[in-house]
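Residues in the sequence shown are numbered from 1 upward in steps of one, following full-length UniProt numbering. Note that CB positions come from ideal geometry on N, CA and C, so glycine has one too. The next block holds one structure in the form of structure tokens; read it before the comments.
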Amino acid sequence: MRLLVTGGAGFIGANFVHATVRDHPEDRVTVLDALTYAGSRESLAPVENDIRLVHGDITDRDLVVQLVGESDAVVHFAAETHVDNALAQPEPFLRTNVIGTFTVLEAVRSHGVRLHHVSTDEVYGELALDSPRRFTESTPYNPSSPYASTKAAADMLVRAWVRSYGVRATISNCSNNYGPYQHVEKFIPRQITNVLTGRRPKLYGSGANVRDWIHVDDHNNAVRRILTDGQIGRTYLIGAEGERDNLSVLRTILRLMGRDTDDFDHVTDRAGHDLRYAIDPSPLYDELLWAPKHTDLNEGLRETIDWYRANESWWAPMKDVVEAGYAERGQ
Numbered sequence: 001m002r003l004l005v006t007g008g009a010g011f012i013g014a015n016f017v018h019a020t021v022r023d024h025p026e027d028r029v030t031v032l033d034a035l036t037y038a039g040s041r042e043s044l045a046p047v048e049n050d051i052r053l054v055h056g057d058i059t060d061r062d063l064v065v066q067l068v069g070e071s072d073a074v075v076h077f078a079a080e081t082h083v084d085n086a087l088a089q090p091e092p093f094l095r096t097n098v099i100g101t102f103t104v105l106e107a108v109r110s111h112g113v114r115l116h117h118v119s120t121d122e123v124y125g126e127l128a129l130d131s132p133r134r135f136t137e138s139t140p141y142n143p144s145s146p147y148a149s150t151k152a153a154a155d156m157l158v159r160a161w162v163r164s165y166g167v168r169a170t171i172s173n174c175s176n177n178y179g180p181y182q183h184v185e186k187f188i189p190r191q192i193t194n195v196l197t198g199r200r201p202k203l204y205g206s207g208a209n210v211r212d213w214i215h216v217d218d219h220n221n222a223v224r225r226i227l228t229d230g231q232i233g234r235t236y237l238i239g240a241e242g243e244r245d246n247l248s249v250l251r252t253i254l255r256l257m258g259r260d261t262d263d264f265d266h267v268t269d270r271a272g273h274d275l276r277y278a279i280d281p282s283p284l285y286d287e288l289l290w291a292p293k294h295t296d297l298n299e300g301l302r303e304t305i306d307w308y309r310a311n312e313s314w315w316a317p318m319k320d321v322v323e324a325g326y327a328e329r330g331q
């Protein structure tokens, strides 16, 4: 398969590219990435001789049309994703997440190319902490942040292009990812690298917010399964049924790193911070026979900590800038 991966130098995309090169050496992989602060050539260095990396913008119509025309399928990861950045400056999220997805849709429509669009569970809003409910593909959209709203808009565009133009597309909405190559602005790598640099970890509010954690490799394995076997027009929810509140996750990280589990600071909570996300992945289990392999969050966090210990050269150049930004916001 000639595979175009948009946003393939970012966290989840880079891990997808690594897995594709390892598990499907017969594929020809092209990565399109703007190489903003959240994507880097270094994330693809281990596979740089096995792929083609194109530095470009997802809203560049001519470039996207050209690359899609050279492909059999597109996996669309490219997106602005950090909620704090969206709250501070929403415009780039509209441009990349909405106009970028429109650009991809028009390109796959003109060439008749298969598309898989990668989205987030944040489009569904929040669940009550004590609710037995979980998100399903029929849960109404109720996004809380500019980030989630732009991803919801992108999802709706994909659905419209499937129905109106017969585009061969699927969508996945995934829960919170963790693992190698995740930017240090995100919750888990921020806490790990704070400890590694002698800083105190930081926790928004009381830490009661619950997330459904999934290892990035499990997410990408599901994406590949949907790409090859998913039903056109369907939305699949990807989760590992790993609900944990942020306080518990932070204390697990501290314990695994040999620190006192109360050795952290409470900081100003994020505006509109969703209480709980939870995914019902049963259609993915039942229809596509997928299941996560990283079911022990403690072990997954231990492996992630080990990766950040061993790869300081990857994350250290961005650490001080990120923490300075958080300090300005009192976080």
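query                                                                                                                                                                                : result
For F11 versus H183, is the C-beta spacing smaller than 8 Å?                                                                                                                         : yes
Evaluate D286 with the Cβ neighbour count: other Cβ atoms within 10 Å of its Cβ, from every protein chain shown; 16 or more gives buried, anything less gives exposed.               : exposed
Can you check the region 287-320 for any alpha helix (DSSP H) of at least 4 residues that lies completely inside it and give the ranges in chain order?                              : 297-310
In the DSSP assignment, what are the bridge partners of E243?                                                                                                                        : D212
For A86, which of helix, strand or coil comes out of DSSP?                                                                                                                           : helix
For D286, verify whether its CB is less than 7 Å away from any heavy atom of the ligand FMN.                                                                                         : As far as ligands go, the structure on display features none, and thus does not contain the ligand FMN.
So L237 and P180 are in contact, right, with Cβ under 8 Å, and what is the actual spacing, rounded?                                                                                  : L237 to P180, Cβ: 24 Å. No contact.
Once you ignore the five residues that flank S269 on each side, which residues in its own chain have a CB closer than 6 Å to its CB?                                                 : Here residue 269 is Asp; the residue named in the question, Ser, does not match the sequence. Same-chain partners within the cutoff: Y204 and G205.
Would A79 pass as a contact of K151 if the rule is Cβ separation under 8 Å?                                                                                                          : yes
In angstroms, rounded to a whole number, what distance separates the CA positions of E106 and S313?                                                                                  : 39 Å
Taking L284 as the reference, give the member of A222, Y326, A34 and E241 with the closest Cα.                                                                                       : A222
Quick check on L203: does DSSP put it in helix, strand or coil?                                                                                                                      : strand
Cβ of G100 within 8 Å of Cβ of I58?                                                                                                                                                  : yes
Provide the residue span of the beta strand (DSSP E) that contains N97, from first to last.                                                                                          : N97 -> no beta strand (DSSP E), and no H or E assigned at all.
Can you give me the Cβ contacts of G56 inside the same chain, cut-off strictly under 6 Å, excluding the 5 residues immediately before and after it?                                  : L32 and L63
Give the DSSP-derived three-state secondary structure of S172 in the structure shown.                                                                                                : strand
If I follow the unbroken beta strand (DSSP E) through M270, where does it start and stop?                                                                                            : Looking at the sequence shown, residue 270 is not Met but Arg. Neither: R270 is in no beta strand (DSSP E) and is coded neither H nor E.
If we ignore side chains and look at the alpha-carbon of each, how far apart do Q89 and A128 end up?                                                                                 : 28 Å
Just to confirm my understanding: we take A148, look at its own chain, exclude 5 residues before and 5 after, and list those with CB closer than 6 Å. What are they?                 : E122 and V123
Among the candidates D130, W307 and R190, whose CA atom is the shortest distance from the CA of F264?                                                                                : R190
When the Cα of T96 is compared with those of P146, N173 and N49, which residue comes out closest?                                                                                    : P146
Between which residues of its own chain and S110 is the CB-CB distance below 7 Å, once the five residues before and five after are set aside?                                        : V65
Comparing alpha-carbon positions, which option in F93, V104 and S40 lies nearest V68?                                                                                                : V104
Answer with buried or exposed for L289, where buried requires no fewer than 16 other C-beta atoms within 10 angstroms of its C-beta.                                                 : exposed
Give every residue of the same chain whose Cβ lies closer than 8 Å to the Cβ of D72, excluding the five residues on either side of it in the sequence, and list them in chain order. : M1, R2, L3, V113 and R114
Taking C-alpha atoms, which residue in K202, D60 and H219 lies nearest to V249?                                                                                                      : K202
Apart from the five residues just before and just after P132, which ones in its own chain have a Cβ nearer than 7 Å to its Cβ?                                                       : none
To test your reading of the DSSP string, which unbroken alpha helix (DSSP H) runs of 4 or more residues are found completely within the region 11-46?                                : 11-23
Checking 8 Å against the spacing of the C-beta atoms, do H116 and H82 come in under that value?                                                                                      : no
Skipping 5 residues on each side, what residues in its chain have a beta carbon closer than 7 Å to that of N142?                                                                     : Y124 and G125
Just to confirm before moving on: does the CB-CB distance between G242 and D274 stay below 8 Å?                                                                                      : no
List the residues that DSSP assigns as beta-bridge partners of V5.                                                                                                                   : V31 and V75
How is the alpha helix (DSSP H) around T193 delimited, first residue to last?                                                                                                        : F187 to L196
Which residue marks the beginning of the alpha helix (DSSP H) containing L63, and which one marks its end?                                                                           : R61 to G69
Any idea what DSSP makes of T81, helix, strand or coil?                                                                                                                              : coil
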